[in-house]
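Take a look at the structure below.
Number of protein chains: 2
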Amino acid sequence: MNDRTQLLKGTLEGCILQVIRGEEAYGYEISEKLRMAGFPTVSEGTIYPLLLRLEKNGLLTATYRDSPYGPRRKYYRLTELGELALKDFYRQWRELVSCVDRLFAGNEGE
Amino acid sequence: MNDRTQLLKGTLEGCILQVIRGEEAYGYEISEKLRMAGFPTVSEGTIYPLLLRLEKNGLLTATYRDSPYGPRRKYYRLTELGELALKDFYRQWRELVSCVDRLFAGNEGE
DNA sequence: ATCACATACCTTGTCATACAAGTTAGTTGG
DNA sequence: CCAACTAACTTGTATGACAAGGTATGTGAT
Chain G
1 MNDRTQLLKG TLEGCILQVI RGEEAYGYEI SEKLRMAGFP TVSEGTIYPL LLRLEKNGLL
61 TATYRDSPYG PRRKYYRLTE LGELALKDFY RQWRELVSCV DRLFAGNEGE
Chain F
1001 MNDRTQLLKG TLEGCILQVI RGEEAYGYEI SEKLRMAGFP TVSEGTIYPL LLRLEKNGLL
1061 TATYRDSPYG PRRKYYRLTE LGELALKDFY RQWRELVSCV DRLFAGNEGE
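Just so you know, the protein sequences line up as chains G and F, in that order.
If you read the first sequence in the numbering used here, its first letter stands for residue 1, the second for the next number, and so on.
If you read the second sequence in the numbering used here, its first letter stands for residue 1001, the second for the next number, and so on.
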């Protein structure tokens, strides 16, 4: 009925910002890292539009670089605005988690 | 840019099931309880369609009862299917939380 | 050379769902 | 009578995840 895709809404954007935060990364790499973090496979139809949107909104900047293994890669870096958005996301995320926890407190084991 | 509404996607459904789980409740009451749990005010344009959808999908059953204070209330109860869906939601929710936590582990304080 | 496969990026169209704004109704109190 | 609260519902809009498909480059096997 309701698959995980609805749960991901909004979360993914923040998680991608977090992945890029440490060091610049390109799309294909980001989806690998998310998979390694345990996320269900993130579709390319999800990730590329999202990256373009973040770039357009000024949270990311991009530069193309050649790859030794295939076509050139588009590396993304966080802007100042991106850092702020990331902090903001994490704050809101923690708040949501604590609300849900409060609601489910007492009957986890059932 | 991205307000909390996107973060709520999918989460709300499970939380409403959880509110109803303990004892039957009606829409207006549910939105109050969510607010008390710390959720940002949940719009009526959100909650009533959601309840109708859950009813239509067989996760909830409803009975009307008179109210001493206003128009009659529509009380919802969880079905077997609803209980299963709730368990399923919580499992997926915990999984998502642990993925995000894994990603952000190490630099919470910044 | 050719074919399969992995890498790498992008586009189009579809679906689910949260919300704003508005509608209809009942009750209570000034 | 009117305002305020309770209570449910409808319509229209925007967002964002995804499936499916397209383009292109490099590597290794046949």
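Glycine is no exception: its CB is placed at the ideal position from the N, C-alpha and C atoms.
Item, Value
"Selection from Gly58(G), Glu23(G), Arg65(G) that minimises the alpha carbon distance to Leu84(G)", "Gly58(G)"
"Strand pairing of Thr63(G), partner residues [DSSP]", "Tyr75(G)"
"Neighbour flag for Arg102(G) against chain F, beta carbons, 8 Å", "yes"
"Contained beta strand (DSSP E) runs [length at least 3] in the stretch 2-31 of chain G, N- to C-terminal order", "none"
"Under 9 Å (Cβ pairs) to chain F, residues found in the stretch 3-16 of chain G", "Asp3, Arg4, Thr5, Gln6, Leu7, Leu8, Lys9, Gly10, Thr11, Glu13, Gly14, Cys15"
"Neighbour flag for Gly1111(F) against chain G, beta carbons, 8 Å", "Look at the range of chain F in this structure, 1001 to 1110, and you will see that residue 1111(F) is not part of it."
"Delimiting residues of the alpha helix (DSSP H) encompassing Ser98(G)", "80-104"
"Range covered by the alpha helix (DSSP H) that runs through Thr1046(F)", "1044-1056"
"Any chain F beta carbon closer than 8 Å to Leu96(G)", "yes"
"Contacts that Ala37(G) makes with chain F (C-beta to C-beta distance below 8 Å)", "Cys1099, Arg1102, Leu1103"
"Buried versus exposed, by CB contacts within 10 Å (16 or more), Ser1031(F)", "buried"
"Residue-level contact to chain G via CB, Tyr999(F), 8 Å cutoff", "Here chain F has residues from 1001 to 1110 only, and residue 999(F) is not among them."
"Contacting residues, own chain, Cβ-Cβ under 6 Å from Leu1081(F) (five flanking each side not counted)", "Gly1058, Leu1059"
"Straight-line Cα distance separating Lys1074(F) from Ile1020(F)", "12 Å"
"Reference Thr5(G), options Glu1024(F), Lys1009(F), Leu1034(F), closest by Cα", "Lys1009(F)"
"8 Å Cβ cutoff, Tyr90(G) in contact with chain F", "yes"
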